[in-house]
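Shown next, in structure tokens, is the structure this report addresses.
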Amino acid sequence: MSKRVCDVVVVGAGNAAMTAALAAREQGANVLVLERAPYDERGGNSRFTAGAIRFAFGGVEDLLKVMPELSDEEIKNTDFGAYTRDQYFDDMARLTRYRTDPDLVEALIDNSLETLIWMREKGVRFQPSFGRQAFKVGGRFKFWGGLCLETWGGGPGLVDALTTAVEGAGMEILYATRAVELIVDKGAVRGVVAREGPDSFDIRARAVVLASGGFEANTEWRTRYLGPGWDLTPVRGTRFNTGDGIRMALDIGAMPTGNWSGCHAVGWDRNAPPFGDLAVGDGFQKHSYPLGIMVNATGRRFVDEGADFRNYTYAKYGHVVLQQPGQFAWQVFDAKVTGLLRDEYRIRQVTKASAGTIGELAGRLDDVDADAFVAEVEAYNAAVMTEVPFDPAVLDGRGTQGLEIPKSNWAQTLDTPPFEAYAVTCGITFTFGGLKVTTEGHVIDTDGMPIPGLYAAGELVGGLFYFNYPGGTGLMSGAVFGRAAGASAARAAAG
């Protein structure tokens, strides 16, 4: 292929990349999109998500700006609550132990609702996340944990809608085309060297937006930066996020920043494949652990399953599972709560055990000390504060007393058969370390100066997440900073 020329080249084809492309085109730029994956695997990690997206909203009136299809009946029968700007700030600060970049957080939150309205104008549709983020209490659905919305069709629906919008705006997407090097001319980025199969060619541009994901699919980088054991971890999403964008930027002097030894990692089916399976999507995750207990190979509990809403613990508990003997755990439930388990527990490809008694179940938990497990359940049952009412939609304070590892909320005795258990390991979603960027998406060099012509968005942006992550913030940050980076790149291309 001969040399190509455009105003802006976008590297990647997931949520952040496609919003960047749309924003650049909106500014009048001629945009070319490069997607390393073939067409059937397009969309990066965005394709593998459930589509939950966290934004600040004041109530139903804001939701109607994003979802005007909400019916009067849905509004009547649902407590959507509100998720204020201050709550969003507090969650980002608390979960990152106050290390998150305040400027990036402010831009993320203040542009969250506006960005969703803009995405809707581009053809993305949203719906209430009834199945994942709400419980029915007193005949009404009640949302919990700051999340109430997901993209129509989940991650695949989001990618399809954005792809349709990009193609409809006249932009070309080159599939199975990998960016391998940035072209620098007189200190400014002026395109990329791309590779399609064995052939390499130049794409000359006035600006480049990197939105090609983190390095979670790079086994060597995971081990180097995250540490021992991470080479054994299955990847929840795409096999193509190997840190190409980060590497290319660092090679020309970009500043690394953020939590390079940290990542988003969750409880994932113990026998899931090494990389995400698009036919299963997000179904290998197992996130209803607050309703039961988790035990390791020694038969003991090792974490407070009810420390907080799932949205605020699931992205760090994968790491805790990885630290257990054999890198696995079993989640255990009884019949009182199995009807509340999320849909992912009902997929065909699940590692499950069930029995009529705890003793029988103990013998069916592969690689677990059966006697110790039975004793652990007995001690746990005796410690449950049964006098406190159970309410899965709030932090109900129904905990345990006297245990070395408490359960702070939603503690239910395991005494009602049949009993079910699900085997999980750690599944890595995305890495937290990345490139230093401004709120407008401009990549900063090691001297603290913007690199002319270079912008970034999505997973490869560092400085937002440390140690943990509020569920649904990944897609929101990708969209906010993708839109900002694309618009900035187009303005730079226009001179």
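245 is the number of the first residue of the sequence shown in the working numbering; add one for each residue after it. Glycine included, every Cβ here is placed at the ideal spot set by N, Cα and C. Values in this document were obtained by computation on a predicted structure and should not be read as measured data.
- Here DSSP, grouped into helix, strand and coil, assigns Ile496 to coil.
- Per the coordinates, the alpha-carbon of Leu402 lies some 14 Å from the alpha-carbon of Glu285.
- Rounded to the nearest angstrom, the gap between the Cα atoms of Gly641 and Phe634 is 8 Å.
- Between Gln656 and Val581, the gap from beta carbon to beta carbon is short of 8 Å.
- The three-state secondary structure of Leu454, taken from DSSP, is strand.
- DSSP, reduced to helix, strand and coil, places Thr263 within a helical segment of the structure shown.
- Judged by pairs of C-beta atoms under 8 Å, the segment 271 to 278 does not touch the segment 300 to 312, as fewer than three such pairs exist.
- C-alpha of Tyr332 to C-alpha of Asn259: approximately 21 Å in a straight line.
- In this model, Glu620 and Ser532 are separated by some 20 Å (Cα to Cα).
- Taken through DSSP and simplified to helix, strand or coil, Ile649 comes out as coil.
- The residue from Gly431, Thr407, Arg291 with its alpha-carbon nearest to that of Gly481 is Arg291.
- Within the model, the alpha-carbon separation for Ala432 versus Arg248 is close to 18 Å.
- Judged by pairs of C-beta atoms under 8 Å, the segment 583 to 590 does not touch the segment 557 to 570, as fewer than three such pairs exist.
- Cβ neighbours of Arg608 within its own chain (closer than 7 Å, five residues either side excluded): Ala597, Ala599.
- Apart from sequence neighbours up to five positions away, the residues of its chain that approach Gly722 with a beta-carbon distance below 6 Å are Asn259, Ala260, Gly702, ordered along the chain.
- If you check the CB distance, Phe663 and Val539 do not come in under 8 Å.
- Boundaries of the alpha helix (DSSP H) around Pro400: 398 to 412.
- Secondary structure at Val310: helix, using DSSP grouped into helix, strand and coil.
- Leaving aside the five residues that flank Thr344 on each side, the residues in its chain whose CB is nearer than 8 Å to its CB run, in chain order, Met336, Ala337, Gly707, Leu708, Phe709, Tyr710.
- Inclusion of Val453 and Val437 in the CB contact set at 8 Å is not warranted, their separation being larger than that value.
- DSSP lists Val539, Ala667 as the beta-bridge partner residues of Trp574.
- Distance from Tyr558 to Ser505 at the Cβ level is roughly 19 Å; contact not present, criterion being Cβ atoms closer than 8 Å.
- For Gln371, the enclosing beta strand (DSSP E) starts and ends at 370 to 372.
- Cβ-Cβ distances below 7 Å link Leu308 to Leu314 in the same chain, with the five nearest sequence neighbours on each side left out; the list follows chain order.
- When the beta-carbon positions are compared, Ala737 and Ala326 stay at least 8 Å from each other.
- Per DSSP, reduced to three states, the secondary structure at Leu276 is strand.
- Three or more beta-carbon pairs drawn from the segment 728 to 737 and the segment 263 to 273 are found closer than 8 Å, and the two stretches are therefore classed as touching.
- For Phe725, the uninterrupted alpha helix (DSSP H) run begins and ends at 717 to 737, by DSSP.
- Residues of the same chain with a CB within less than 8 Å of the CB of Pro661, apart from the 5 flanking positions on each side, are Asp578, Ala579, Ala599, Gly600, Thr601 in chain order.
- In this model, Leu698 and Tyr419 are separated by some 22 Å (Cα to Cα).
- From the listed residues Thr675, Leu679, Gly716, the smallest Cα separation to Ala461 is found for Thr675.
- A Cβ-Cβ contact shorter than 8 Å links Leu704 with Ser456.
- Sequence-distant Cβ neighbours of Pro569 in its own chain, meaning closer than 7 Å and more than five residues away, are Asn540, Ala541, Thr542.
- Counted as a single uninterrupted DSSP element, the stretch harbouring His531 is not any alpha helix (DSSP H), since DSSP gives it neither H nor E.
- Between Gly295 and Glu394, the C-beta spacing is below 8 Å.
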